[in-house]
Amino acid sequence: MYEPTTYEITTPTPRTPPPATTAQPMILPAEMPPGIDWVTLPDGVRTLAYTHPTPPQPIPVTASQPIPAWAKTVALLAPTVGTGIAAAGIGLSYAAPGLIAMSHALWSAAALLIATITAVPIVLRAARRAIGGDSTTGQRPTTHITQNITANGLFGRANGTINHH
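Shown next as C-alpha coordinates:
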(Lines of atoms letter the chains of each structure in order from A; the text may use other names.)
(Lines give C-alpha, C1' and ligand atoms only; values in the text may rest on other atoms or scores of the structure.)
Protein backbone atom coordinates (compact mmCIF):
# COMPACT_ATOMS: atom_id res chain seq x y z
CA MET A 40 0.00 0.00 0.00
CA TYR A 41 0.85 3.67 -0.20
CA GLU A 42 2.73 5.21 2.71
CA PRO A 43 2.92 9.01 2.91
CA THR A 44 6.34 10.56 3.00
CA THR A 45 7.02 12.78 5.94
CA TYR A 46 9.11 15.88 5.67
CA GLU A 47 10.91 17.58 8.50
CA ILE A 48 10.23 21.30 8.74
CA THR A 49 13.24 23.35 9.67
CA THR A 50 13.61 27.01 10.37
CA PRO A 51 16.45 28.90 8.77
CA THR A 52 19.30 29.84 10.99
CA PRO A 53 19.99 33.52 11.12
CA ARG A 54 22.91 34.54 8.98
CA THR A 55 25.79 35.90 10.91
CA PRO A 56 27.85 38.64 9.34
CA PRO A 57 31.46 37.82 8.68
CA PRO A 58 33.86 38.74 11.42
CA ALA A 59 35.28 42.23 11.23
CA THR A 60 38.76 40.82 11.01
CA THR A 61 38.14 39.44 7.51
CA ALA A 62 39.48 41.94 5.00
CA GLN A 63 37.26 42.22 1.96
CA PRO A 64 38.64 43.77 -1.19
CA MET A 65 37.19 47.15 -2.04
CA ILE A 66 35.73 47.47 -5.53
CA LEU A 67 35.06 50.92 -6.92
CA PRO A 68 31.75 51.47 -8.72
CA ALA A 69 33.59 52.24 -11.96
CA GLU A 70 35.36 48.83 -11.83
CA MET A 71 32.18 46.75 -11.49
CA PRO A 72 31.12 44.84 -14.58
CA PRO A 73 27.63 45.42 -15.89
CA GLY A 74 24.94 43.38 -14.16
CA ILE A 75 26.72 43.41 -10.77
CA ASP A 76 25.87 45.93 -8.09
CA TRP A 77 25.98 46.47 -4.33
CA VAL A 78 22.82 45.24 -2.57
CA THR A 79 21.69 45.38 1.03
CA LEU A 80 20.35 42.11 2.43
CA PRO A 81 17.41 42.06 4.90
CA ASP A 82 19.78 41.64 7.86
CA GLY A 83 21.63 44.85 6.87
CA VAL A 84 24.71 43.30 5.26
CA ARG A 85 25.87 44.94 2.04
CA THR A 86 27.24 42.58 -0.60
CA LEU A 87 27.79 42.30 -4.33
CA ALA A 88 25.10 40.53 -6.31
CA TYR A 89 23.93 39.98 -9.83
CA THR A 90 21.17 42.41 -10.66
CA HIS A 91 18.69 42.53 -13.48
CA PRO A 92 18.80 45.72 -15.50
CA THR A 93 15.75 47.88 -15.07
CA PRO A 94 13.50 47.46 -18.06
CA PRO A 95 13.06 50.58 -20.17
CA GLN A 96 9.90 52.52 -19.66
CA PRO A 97 7.31 51.45 -22.20
CA ILE A 98 6.39 54.08 -24.75
CA PRO A 99 2.79 55.09 -24.22
CA VAL A 100 0.68 53.91 -27.11
CA THR A 101 -1.55 56.61 -28.50
CA ALA A 102 -4.82 55.92 -30.19
CA SER A 103 -4.46 55.39 -33.91
CA GLN A 104 -5.32 58.41 -36.03
CA PRO A 105 -7.44 58.06 -39.16
CA ILE A 106 -5.63 58.47 -42.47
CA PRO A 107 -6.28 61.91 -43.98
CA ALA A 108 -8.30 62.05 -47.19
CA TRP A 109 -5.51 63.80 -49.12
CA ALA A 110 -3.10 60.96 -48.26
CA LYS A 111 -5.58 58.39 -49.56
CA THR A 112 -6.06 60.40 -52.74
CA VAL A 113 -2.31 60.71 -53.32
CA ALA A 114 -1.82 57.01 -52.67
CA LEU A 115 -4.53 56.13 -55.16
CA LEU A 116 -3.28 58.57 -57.82
CA ALA A 117 0.39 57.58 -57.61
CA PRO A 118 0.06 54.39 -59.72
CA THR A 119 -2.12 56.22 -62.25
CA VAL A 120 0.35 59.06 -62.67
CA GLY A 121 3.26 56.64 -62.89
CA THR A 122 1.49 54.58 -65.54
CA GLY A 123 0.68 57.73 -67.51
CA ILE A 124 4.31 58.83 -67.46
CA ALA A 125 5.43 55.37 -68.57
CA ALA A 126 2.89 55.38 -71.41
CA ALA A 127 4.06 58.83 -72.50
CA GLY A 128 7.67 57.63 -72.52
CA ILE A 129 6.78 54.62 -74.65
CA GLY A 130 4.77 56.84 -77.02
CA LEU A 131 7.67 59.27 -77.38
CA SER A 132 10.07 56.41 -78.09
CA TYR A 133 7.81 55.24 -80.93
CA ALA A 134 7.34 58.80 -82.19
CA ALA A 135 11.02 59.77 -82.01
CA PRO A 136 11.87 59.14 -85.69
CA GLY A 137 8.88 61.23 -86.80
CA LEU A 138 9.74 64.00 -84.32
CA ILE A 139 13.31 64.10 -85.61
CA ALA A 140 12.07 64.35 -89.21
CA MET A 141 9.65 67.13 -88.25
CA SER A 142 12.39 69.08 -86.48
CA HIS A 143 14.59 68.82 -89.60
CA ALA A 144 11.66 70.04 -91.71
CA LEU A 145 11.08 72.99 -89.38
CA TRP A 146 14.75 73.97 -89.54
CA SER A 147 14.61 73.76 -93.33
CA ALA A 148 11.47 75.93 -93.40
CA ALA A 149 13.12 78.49 -91.10
CA ALA A 150 16.21 78.60 -93.35
CA LEU A 151 13.99 79.09 -96.42
CA LEU A 152 12.11 81.92 -94.71
CA ILE A 153 15.32 83.70 -93.75
CA ALA A 154 16.73 83.27 -97.25
CA THR A 155 13.52 84.72 -98.72
CA ILE A 156 13.57 87.71 -96.37
CA THR A 157 17.18 88.37 -97.34
CA ALA A 158 16.76 87.80 -101.10
CA VAL A 159 13.61 89.90 -101.74
CA PRO A 160 15.29 93.31 -101.21
CA ILE A 161 18.21 92.25 -103.39
CA VAL A 162 15.90 91.17 -106.21
CA LEU A 163 13.83 94.38 -105.95
CA ARG A 164 16.96 96.53 -106.11
CA ALA A 165 18.10 94.66 -109.22
CA ALA A 166 14.66 95.09 -110.81
CA ARG A 167 14.73 98.85 -110.23
CA ARG A 168 18.09 99.09 -111.96
CA ALA A 169 16.74 97.13 -114.93
CA ILE A 170 13.66 99.38 -115.28
CA GLY A 171 15.74 102.49 -115.37
CA GLY A 172 17.41 104.85 -113.07
CA ASP A 173 20.80 105.86 -111.87
CA SER A 174 23.23 103.02 -112.39
CA THR A 175 25.42 104.07 -109.47
CA THR A 176 22.75 104.38 -106.81
CA GLY A 177 20.07 102.16 -108.35
CA GLN A 178 17.40 104.87 -107.92
CA ARG A 179 15.25 106.86 -110.36
CA PRO A 180 15.80 110.55 -110.93
CA THR A 181 14.25 112.55 -108.14
CA THR A 182 11.06 114.62 -108.52
CA HIS A 183 10.84 117.88 -106.55
CA ILE A 184 7.48 118.81 -105.11
CA THR A 185 6.94 122.22 -103.53
CA GLN A 186 3.94 123.43 -101.59
CA ASN A 187 2.89 126.98 -100.92
CA ILE A 188 0.30 127.32 -98.16
CA THR A 189 -1.17 130.61 -96.99
CA ALA A 190 -3.71 131.36 -94.26
CA ASN A 191 -5.20 134.70 -93.14
CA GLY A 192 -5.91 135.22 -89.48
CA LEU A 193 -5.91 132.88 -86.53
CA PHE A 194 -8.89 130.86 -87.70
CA GLY A 195 -8.64 131.68 -91.40
CA ARG A 196 -8.99 129.14 -94.16
CA ALA A 197 -5.72 127.81 -95.56
CA ASN A 198 -5.06 127.81 -99.34
CA GLY A 199 -2.19 126.05 -101.04
CA THR A 200 -0.61 125.06 -104.32
CA ILE A 201 1.47 122.03 -105.25
CA ASN A 202 4.15 122.31 -107.98
CA HIS A 203 5.87 119.31 -109.60
CA HIS A 204 9.29 120.06 -111.09
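At position 28 of the sequence shown (counting the first as 1) the number is 67 in our numbering, and the numbers step up by one without a gap. Backbone N, C-alpha and C define an ideal beta-carbon position, used for all residues, glycine too.
Checklist entry - When you compare each of V100, R167, T55 and F194 to P81 by their alpha carbons, which one comes out closest? => result When the alpha-carbon of P81 is set against those of V100, R167, T55 and F194, the nearest one is in T55.
Checklist entry - For the ligand COA, any of its heavy atoms closer than 8 Å to the Cβ of L151? => result Looking at this structure, you won't find the ligand COA or any other ligand, since it has none at all.
Checklist entry - Is T112 close to chain D, meaning its C-beta is less than 9 Å from at least one C-beta of that chain? => result Among the chains of the structure shown, chain D does not appear; only one protein chain is present.
Checklist entry - In whole angstroms, what separates the C-alpha of P95 from that of L67? => result 26 Å
Item to check | For T49 and E70, the rounded distance between their alpha carbons | outcome: T49 has its alpha-carbon roughly 40 Å from the corresponding atom of E70.
Item to check | Chain-order list of residues whose beta-carbon lies under 7 Å from that of I201 (same chain, five-residue window excluded) | outcome: I184 and Q186
Checklist entry - Hey, quick one: how far does the beta strand (DSSP E) through V78 stretch, first residue to last? => result For V78, the uninterrupted beta strand (DSSP E) run begins and ends at I75 to T79, by DSSP.
Checklist entry - Below 9 Å between beta carbons: does that hold for R85 and T79? => result yes
Checklist entry - Under three-state DSSP, which class holds H203? => result Strand, per DSSP.
Item to check | Own chain partners of I75 with C-beta closer than 8 Å, once the 5 adjacent residues on each side are dropped | outcome: Only L87, A88, Y89 and T90 meet the Cβ criterion.
Item to check | C-alpha gap between G121 and M141, whole angstroms | outcome: 28 Å
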